[in-house]
Amino acid sequence: MTPPGDRNVGEIILRDLCAQLPRNKLVVFTVAPNPPMEELVWDSEFAFAPDEKAWRIFPGRVGSLLSHLHHRFIFRRIISSIVDKIVHFGKTHGAEAIWITLNSVTLISFGAELARRLNIPQLGLIWDPPDYLARRCGLDRLSRKLLQKYFSEAMRISDRVAVVSEGMVEEYSQRYGCNCVVLRHALYNATLKSDGLTPGNRKNNPLRIGFAGTLYDMGQFNMLLEALNLCGWKIGDRPIFIRMIGNWFRFNGMSFPCNIELMGWRSTDETSHLLSECDLNFLPIPFSEEWQDLAVLCFPTKLSTYLASGRPVFVYGPDYASSTKFCKQTGIGITCSSQNPGQILKVVSSFLCDQERYHQAQSNVFQVREDYFSVCVMKRQFARFLGVDESVLNKSC
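Per the numbering used here, numbering of the sequence shown is gapless, rising by one per residue and ending at 1383.
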C-alpha cells in the first residue's frame, strides 16, 4: 500500500531501504488509495486500492454477514484485477523476485496468489499483525478469519520475511516455519546531546517528559497525569512539564492544575530536537486484551524516535510487551506495569533523582543506537533479507 516517499513513516522506511538497491535492480508497483505525490525514480506503475473499511449497512448479525459477503466476493474481484496488472507488470520487466509489504488488508489478501502466479521467490515485509489491521478496518469475525488464512498462506510461501521485533521472529518462525529477519529503520539524524541531569545549567530548569505521535489509548496517559498530581507536578524543587508533539490530542475532564506543552505537528528533525530537550520520553503501551497482539509483536516507531533524541525512555505498559522487554534488556530507561499512580510516581521520581542511574541509561541509549539502529546494521539486515551479499547494495556506511 505504501510507496517509497516522505509523507509518513512507512514511506520513509521504504524510501531508505529502496535507496540501498542499485536503481536498475528495482521496479515498483504501488497499490494505494492515492498515487505517489512525486514521480518515483524507478520504473513504476500504480493501481488504486479498494476501500478496506468494512461495508456495513445493517447492524448486528445480518450486517456482519452482508459485510463478509461483500468482502469475500466484491472486494475479492477487485483484488483479482489488481493481481492481473501486477503479474503483467512483473513479467514485462522480467522480475526475478517479489518484495511485498504485507501490511494492509489488500496486499495480504493477494500475497500468496501473486507469488504462485509469477512463480518467483517472494520476500515479505511486516510491521503490524494482520488481526490488528483487520480490527482497524472494522472487519467482521469471518472476514478477519479469512484474512488470517491469506496471511498464513503468504507467510508460508515467502522465502524470507522481514519483521520489526524479536517477538515476531519467535511467533512467526514457530507458527509458519518461515525464515525471519529483524529489520528496523536506521536512525539517520540522531541527536548527539548528552547533558541530561547535570548539576550545572539544568538543575534550575523544569523537568520535561516528552511524548510524540498519536495516543491510541488515553488510559495510560491519564495514569501518568494522576501520578504527577500526587506530587503537585514537582520533583524536588523542579516543576514537571509534559511536552506533547503531534496533531491530534483530546483532553477531557482535566479539573486540576497541570503543565502541558502542546507543540503540534513537527518535522522529524524538529521532533528529535524537541525530545532531546526533555529529560525522559514517555512510551505508553495499552494493557487491554484488544491490543495484546500489537504489544507483543510490534516495535513502535515511537521508540526509534525517542532513541534518536538521545534521552532515556519510560515504557509504561504490560511486562509481556516487546517494548518493555527491549527496555529492560538494553537498560535504555525505566519500565512500569503497575496501574497504581503512586507506584508510577515512585518509579519516575527515583530514576530522575538518581543522576548516576540516569546517566547510565543515557549512555545505554547511545550504545543501543549503534548496536541496533545504525545505517550499517540496517544494511546488513537488509542484505540478509534479500539473500545477497552486502557488496551488492549501495555504499552507505
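Note that CB positions come from ideal geometry on N, CA and C, so glycine has one too.
- Leu1052 and His1079 have their alpha carbons spaced roughly 40 Å apart.
- Val1027 and Arg1001 do not touch by the CB rule: their CB atoms are close to 10 Å apart, not below 8 Å.
- The count of Cβ pairs closer than 8 Å, one atom from the stretch 1362-1374 and one from the stretch 1306-1326, stays below three, leaving the stretches out of contact.
- Taking the CA atoms as reference points, Glu1031 sits about 20 Å from Ala1098.
- In the structure shown, Ser1030 adopts extended strand secondary structure according to DSSP, grouped into three states.
- With a cutoff of 8 Å on beta-carbon distance, Leu1119 and Ser1095 are scored as not near each other.
- Measuring C-alpha to C-alpha distances from Asp1029 to each of Asn1020, Pro990, Phe1044, Ile999 identifies Pro990 as the nearest.
- One thing to note: Pro1272 has its Cβ no nearer than 8 Å to the Cβ of Gln1346.
- DSSP places Thr1087 in no alpha helix (DSSP H) but in the uninterrupted beta strand (DSSP E) bounded by 1084-1087.
- Judged by DSSP in its simplified three-state form, Thr1321 adopts strand.
- By the criterion of a C-beta distance shorter than 6 Å, Pro1107 is surrounded in its chain by Ala1083, Asp1145, once the five residues flanking it on both sides are discounted.
- Pro1116 carries a helical assignment under DSSP once its states are collapsed to helix, strand and coil.
- In the DSSP annotation of this structure, the continuous segment of the alpha helix (DSSP H) that includes Gly1076 starts and ends at 1062-1078.
- If you draw a 10 Å sphere on the C-beta of Met1154, you find 16 or more other C-beta atoms in it, and that means buried.
- Within the same chain, Ala1198, Gly1199, Thr1200, Trp1251 come within 7 Å of Gly1232 by CB-CB distance, once the 5 residues on both sides are set aside.
- Close CB contacts of Leu1216 within its chain, under the 8 Å cut and outside five residues either way in sequence, are with Pro1327, Gly1328, Leu1331 (chain order).
- A contact between stretches requires three or more CB pairs, one per stretch, nearer than 8 Å, and the stretch 1109-1116 meets this requirement with the stretch 1126-1142.
- The C-alpha of Ile1060 is placed about 15 Å away from the C-alpha of Asp1126.
- Tyr1306 has its alpha-carbon roughly 12 Å from the corresponding atom of Glu1275.
- With contacts defined by Cβ atoms closer than 8 Å, Ala1081 and Leu1104 form a contacting pair.
- Residue state for Pro1298 is assigned as coil, using DSSP reduced to three classes.
- For the pair Leu1133 and Arg1058, the CB atoms are not nearer than the 8 Å cut-off.
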